[in-house]
Structure formats: C-alpha cells, structure tokens
Amino acid sequence: MLWKKLIERMVRTDSLWRGLSERRGWGQYLFKNKPPDGTAPPNSFYRALYPKIIQDIEIWDKNTLECKRILTGHTGSVLCLQYDERVIITGSSDSTVSISHSNSCQRATRAKVKVWNTSTCEFVRTLNGHKRGIACLQYRDRLVVSGSSDNTISYPFCTCKPIPHMAKDMIVSSDPIQIQEHSGRVFRLQFDEFQIVSSSHDDTILIWDFLNDPAAQAESTPLHRFLGTPDVQDVIEEMKEEQRSLSSVEMVSVWQLLRDRSVRWQTLSVVVVNAGMQLSGIDAIWFYTNTIFENAGIPVSQIPYTTVGTGAIEVVAGLIGTALPWMRYVSVVCVVGIIAGFCMGPGSKPSAAQ
36 MLWKKLIERM VRTDSLWRGL SERRGWGQYL FKNKPPDGTA PPNSFYRALY
86 PKIIQDIEIW DKNTLECKRI LTGHTGSVLC LQYDERVIIT GSSDSTVSIS
136 HSNSCQRATR AKVKVWNTST CEFVRTLNGH KRGIACLQYR DRLVVSGSSD
186 NTISYPFCTC KPIPHMAKDM IVSSDPIQIQ EHSGRVFRLQ FDEFQIVSSS
236 HDDTILIWDF LNDPAAQAES TPLHRFLGTP DVQDVIEEMK EEQRSLSSVE
286 MVSVWQLLRD RSVRWQTLSV VVVNAGMQLS GIDAIWFYTN TIFENAGIPV
336 SQIPYTTVGT GAIEVVAGLI GTALPWMRYV SVVCVVGIIA GFCMGPGSKP
386 SAAQ
C-alpha cells in the first residue's frame with residue numbers, strides 16, 4: 036500500500052511521472068479504490084504492477100515528455116541513480132553499478148565491473164564489486180561511493196579520468212575498498228573529502244574518517260587514486276590544517292549576534308529586508324513558480340509564457356505608478372534603500388538564512 040501511495044503521489048505532482056504513467060498504461064492499476072463487496076483478490080495491485088518495474092534507464096525531455104534515449108544492461112530493477120553532463124551512474128538490484136558515457140560505457144556484471152568502449156566494443160578491465168543489490172550511491176569529484184544490501188560500503192567504486200590511447204574522458208575503474216561495520220543493509224550515504232556518513236537498517240549512523248583512520252593512510256586510499264600519485268602526504272597535511280583552522284573558528288549564536296553592537300545596524304537591515312521579502316511573497320514566486328502554476332492546472336509547456344505574462348503585468352503596474360507625480364520619488368527612495376542596505380550590511384546573510 037505504501038508503494039501504491041508513493042507512485043500515485045508522484046503521478047499527481049510530477050509531470051514526468053504523469054507522462055510515464057500515460058505511456059506505460061499504469062492508469063488501470065492506480066487510483067483504484069477497493070470494491071465495496073471485498074471481491075478484489077489480495078495483493079492484486081502489486082501482482083499487476085511488479086512486472087511493470089523497468090530495468091533500463093530512460094532519458095526524457097522534461098518539456099516535451101518525449102523519451103530521447105534508452106540505456107539497457109541491468110537485469111534487475113534500478114534502485115538509485117545520479118548523473119551530470121558527462122556520465123549517468125545507476126545502481127541496481129542485480130548487484131551491479133552501471134556508468135554510461137558519451138564515448139564509453141561501464142557496466143558491472145554480478146560481483147564484477149566491466150569497462151567497455153562503446154564505439155569499438157573493446158573490453159578494457161574487470162574488477163570486484165558488491166555481492167548483492169546496490170541500495171544507494173553518490174557521485175562526487177570523479178569518485179563513486181556505493182552502499183549495498185550486503186552491508187558493505189565500497190569506495191571508490193570508480194574514478195573518471197582521460198586515457199591517452201582511448202576516447203577522451205574514458206571511464207577507468209579501480210579495485211574498490213570495501214568496509215563493513217553495519218549489520219544491516221546500507222540504504223543512505225554521503226561523502227566529502229574528509230569522511231563518509233552512512234545509515235543502515237541496523238538503526239545506526241556511522242562516520243568514516245579518511246584523515247585520522249590509519250587504514251585510510253594506506254597506498255590504496257581514494258586520495259591516492261584520485262590524485263594518481265602515491266605521494267599525497269602534503270595534501271593530507273594541508274587538509275588537516277584546514278580542518279584545524281575551521282575548528283578554531285568561534286561560532287556565534289543568534290543571541291550573541293543580536294547583542295553585538297558593532298553589527299547591530301547591519302543585522303537590523305538584514306532583518307527588515309528579509310521580512311519585507313518574505314511578507315511580499317517574492318521568494319515564493321521565485322523559488323516555486325513552476326510548482327505553483329502546475330498545481331493551478333497550467334500545462335508545463337505554457338508555464339514560461341505565464342511567467343512572461345507575470346513580468347509584463349509588473350511592467351504595466353510600474354507604468355501606471357508613474358502617473359502619480361509623487362510615486363516616482365517614493366520608488367527611487369525604496370530602490371536606493373534596498374541597495375544601500377545590502378551593500379552596507381552583511382549581504383550574504385539573507386542567502387544563508389534562506
């Protein structure tokens with residue numbers, strides 16, 4: 036029932052899901068109430084919907100809702116996905132991580148990862164991977180860290196860098212380091228240059244420290260692979276120094292900031308400007324324009340014209356305002372006041388507060 040409610044909510048609120056539902060014919064399985072006589076067979080919805088779980092990756096145009104390309108290769112359902120302008124990285128219940136590239140395609144088969152050149156179908160390299168399904172992954176700074184249902188975290192699952200004798204930015208894989216401290220499936224993780232944070236079905240959240248863990252100083256660490264050289268001691272010392280300098284910065288509470296006389300006028304100007312922005316509804320229009328218009332029933336293709344129309348109304352309102360001889364001076368004073376407030380005060384605080 037939870038899966039049904041989730042899919043129904045996505046179809047209602049997301050135009051891509053709605054278009055996918057129409058093309059896949061999910062409408063006959065969704066939004067169906069249970070018959071009053073109770074004649075519906077148990078779990079009939081799931082039995083009908085499970086075969087519809089797709090095992091490929093489809094690239095859609097969000098404006099036209101047209102499928103531009105289909106990437107195949109997984110034998111199980113796709114559980115997680117990340118992408119940027121160069122690669123698409125997917126994790127599947129078939130124990131594989133698949134990386135698709137314009138010039139190369141890397142695919143994991145069961146407990147191994149294989150790298151192929153799509154233009155020549157030339158096999159490049161194989162490495163060990165997870166034993167069970169990939170539940171989560173993150174792609175950042177040319178590194179992929181993945182968590183699996185086998186209770187392990189693998190890092191770096193791959194690195195991306197150019198290869199002289201192959202296509203530019205060809206994807207190269209490295210044998211991943213696997214760490215296992217969780218006793219349940221790893222279903223969420225994030226990492227940066229210092230640490231990995233993971234959560235599991237064993238009701239624990241673990242933090243893995245790259246800098247202070249002796250095992251992380253070994254030659255096969257992600258930092259060695261990322262930089263492509265075994266001499267990374269200077270880089271590690273620089274990161275430690277940065278970490279120490281950040282830890283020595285005194286944190287100021289909101290109450291301390293309000294009591295500090297040296298920045299009282301700047302703080303007051305930020306509060307006034309932010310209050311005006313919030314009460315005027317400008318932030319809601321800027322950040323939630325598409326969602327507001329979609330919920331109002333406006334087709335996605337017509338939303339840009341609606342936004343232009345809103346701007347035209349503002350221009351007309353400005354022209355009407357000039358009909359009053361004293362309104363122009365009030366407008367100039369308001370504009371100068373806003374600009375001056377942002378210039379003299381801590382202008383970064385509004386963005387940070389939001």
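In the working numbering, each residue carries its 1-based index in the sequence shown increased by 35.
All residues carry an ideal CB built from backbone N, CA and C; glycine is no exception.
Every value quoted in this text rests on a predicted model; they were computed, and no experiment measured them.
- Counting along the chain, no alpha helix (DSSP H) covers Q337, and no H or E run does either.
- Contact between the segment 351–358 and the segment 329–343 is absent: fewer than three C-beta pairs spanning the two stretches fall below 8 Å.
- For G356, same chain residues with a beta-carbon under 6 Å away, outside a window of 5 residues either side, are M362 in chain order.
- The three-state secondary structure of W361, taken from DSSP, is coil.
- K97 is positioned such that its CB atom lies closer than 8 Å to that of L51.
- Taking the CA atoms as reference points, S366 sits about 19 Å from Q313.
- In the same chain as G62, and ignoring 5 residues on each side of it, the C-beta atoms closer than 7 Å to its own belong to S56, in chain order.
- Boundaries for R53: no beta strand (DSSP E) harbours it, while the alpha helix (DSSP H) harbouring it runs S50 to R59, taken from the DSSP string.
- Around R53, the same chain offers V46 as residues with beta carbons nearer than 6 Å, after the five sequence neighbours per side are excluded.
- Straight-line measurement puts the Cα of H217 at about 9 Å from the Cα of D238.
- Between the alpha carbons of G372 and R294 lies a gap of roughly 24 Å.
- For R220, the closest alpha carbon among the candidates F226, I188, I124 and F229 is that of I188.
- In the structure shown, the three-state DSSP call for D238 is coil.
- Membership of R223 in the beta strand (DSSP E) is indicated by the continuous run V221 to F226.
- The Cβ atoms of I240 and Q230 do not sit closer than 8 Å to each other.
- Looking only at V270, W290, V179 and K103, the smallest Cα-Cα distance to T125 is reached by V179.
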